[in-house]
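Asker: One structure, as structure tokens, below. Some questions next.
There are 2 protein chains.
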Amino acid sequence: MSAKFPDLNLDKQLCFSLYAASRQVTRLYQPLLKRHDLTYPQYIVLLILWQTDGLMVKDIGHQSQLKSNTLTPLLKRLEQSGLVSRKRAKEDERQCYVFLTDRGKALENECACIPMEMMGQTDMSLDKLMQLKSLLDEFLQLQEKHGG
Amino acid sequence: MSAKFPDLNLDKQLCFSLYAASRQVTRLYQPLLKRHDLTYPQYIVLLILWQTDGLMVKDIGHQSQLKSNTLTPLLKRLEQSGLVSRKRAKEDERQCYVFLTDRGKALENECACIPMEMMGQTDMSLDKLMQLKSLLDEFLQLQEKHGG
DNA sequence: CTAGATTTAATCGTGTGCGATTTAAATGGT
DNA sequence: ACCATTTAAATCGCACACGATTAAATCTAG
Chain A
18 MSAKFPDLNL DKQLCFSLYA ASRQVTRLYQ PLLKRHDLTY PQYIVLLILW QTDGLMVKDI
78 GHQSQLKSNT LTPLLKRLEQ SGLVSRKRAK EDERQCYVFL TDRGKALENE CACIPMEMMG
138 QTDMSLDKLM QLKSLLDEFL QLQEKHGG
Chain G
18 MSAKFPDLNL DKQLCFSLYA ASRQVTRLYQ PLLKRHDLTY PQYIVLLILW QTDGLMVKDI
78 GHQSQLKSNT LTPLLKRLEQ SGLVSRKRAK EDERQCYVFL TDRGKALENE CACIPMEMMG
138 QTDMSLDKLM QLKSLLDEFL QLQEKHGG
């Protein structure tokens, strides 16, 4: 069966490996994030805001590659949780700025241990993890050139 | 800001790169799969069944790392589309076998061009793609040992 | 032989992802 | 100044993902 298209097996496995690995990482983060009542995508958005506070939804979208249809509800939940506040831009009412609240800023320190704990959950060497990141980033950059 | 925990930036970026790359691949597949009215997870499940027809939900779950709470509705949709049929096992009524219909089997040929078309959508070398797959699989294997 | 543990799917609730559309605001060419 | 176009965010609908629970069948220890 699978030998019918022998050349195509690599691709099949690569797309699946990526899909499975991504979900596996999400699953690893979940118990750590649950302690702060965060989901993984919410944590990603916070990582972006911890780097640069006061971004517009558009900017968060560009960095996360998520559109407003995903971000708007997610940001509303973060607002409900008291971690961010959203303010319409005076100079352009279409735009919406997102600011960390004090609680949102404080959460950065509370989450500081998470990456280290994650590191401890894989036996892969730092070298290979960096290699992996490098290949993924190269793929993403090539894609950005193509797809806009 | 981001220099506050300099050691942790790698991890942050790795988890995000993986997350972004996985969604990017899904987005690349979507227009190709839409021609056959398939979603990406449905395609993954079909890839598994094209390799081995007549698996139980449990087996598909083990290979895809998806649980019944995701697979049951997905398989019902594939059944609605006339691509698979589900039959309870006579010898153990808890189990549910999943078989490809003739249309489901025929779809394998129709989808044969997809991996090649995907290949054409990235400028990354075959060598690097294989390297990427290899690293992802190593990560997944290490995880399987740990988490069961 | 049977009560309790285990296994397998299915169900439920919440939160993404994303294509498509909508709404409102700003822009730009005439 | 006016209207078509563009832009930013929000809304809508659908299909995942997944933790938690449920239901039913099977297994197992006593």
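Chains A and G, in that order, are what the protein sequence lines are. If you want my numbering, it's the 1-based position in the first sequence plus 17. If you want my numbering, it's the 1-based position in the second sequence plus 17. By construction, the Cβ of each residue, glycine as well, lies at the ideal position given by its N, Cα and C atoms.
Since E155/A meets chain G, which of its residues come closer than 8 Å, beta carbon to beta carbon?
Answerer: What E155/A touches in chain G: M141 and K145.
Asker: So S39/A is in the alpha helix (DSSP H); what residue range does that whole segment cover?
Answerer: From DSSP, the alpha helix (DSSP H) with S39/A extends over N26 to K51.
Asker: Strictly by DSSP, which residues pair up with K104/G?
Answerer: Answer by DSSP bridge pairing, in chain order: Y114/G.
Asker: With a threshold of 7 Å between beta carbons, is D114/A in contact with chain G?
Answerer: Asp is not the amino acid found at residue 114/A; the sequence shown has Tyr there. Judged by the 7 Å Cβ criterion, Y114/A is not in contact with chain G.
Asker: Who are M73/G's beta bridge partners in DSSP?
Answerer: Answer by DSSP bridge pairing, in chain order: Y114/G.
Asker: Using a Cβ distance threshold of 8 Å, determine whether the segment 139 to 154 of chain A contacts the segment 70 to 83 of chain A, with at least three qualifying pairs required.
Answerer: Cβ pair count under 8 Å is below three, so no.
Asker: Check each candidate in H79/A, L95/A, Q47/A and L159/A and name the one with the smallest Cα separation from D119/A.
Answerer: Nearest option by C-alpha distance: L95/A.
Asker: Quick one: give me the first and last residue of the alpha helix (DSSP H) that K122/A is part of.
Answerer: Counting along the chain, the alpha helix (DSSP H) containing K122/A begins and ends at D119 to E127.
Asker: Indicate the three-state DSSP secondary structure (helix, strand or coil) for S151/G in the structure shown.
Answerer: It is helical.
Asker: Assuming L149/G and L31/A make a contact with CB atoms under 8 Å, what is their CB distance in whole Å?
Answerer: 7 Å between Cβ atoms; contact.
Asker: Within the 7 Å Cβ cut-off, does D76/G reach chain A?
Answerer: Not one chain A Cβ lies under 7 Å of D76/G.
Asker: In three-state DSSP terms, what is S1/G?
Answerer: Chain G is shown only over 18 to 165; residue 1/G falls outside these bounds and no answer can be derived.
Asker: Do S34/G and D76/A count as a contact pair if the criterion is CB distance below 7 Å?
Answerer: In this structure, S34/G does not lie closer than 7 Å to D76/A by Cβ.
Asker: Any beta-carbon of chain A closer than 7 Å to the one on C128/G?
Answerer: Chain A, which has no Cβ nearer than 7 Å to the Cβ of C128/G, makes this no.
Asker: Just checking: is the beta-carbon of A123/G within a distance shorter than 7 Å of some beta-carbon in chain A?
Answerer: No, because no Cβ of chain A sits closer than 7 Å to the Cβ of A123/G.
Asker: On the CB-based measure, 16 or more other CB atoms within 10 Å of its CB, does P48/A come out buried or exposed?
Answerer: Exposed is the call here.
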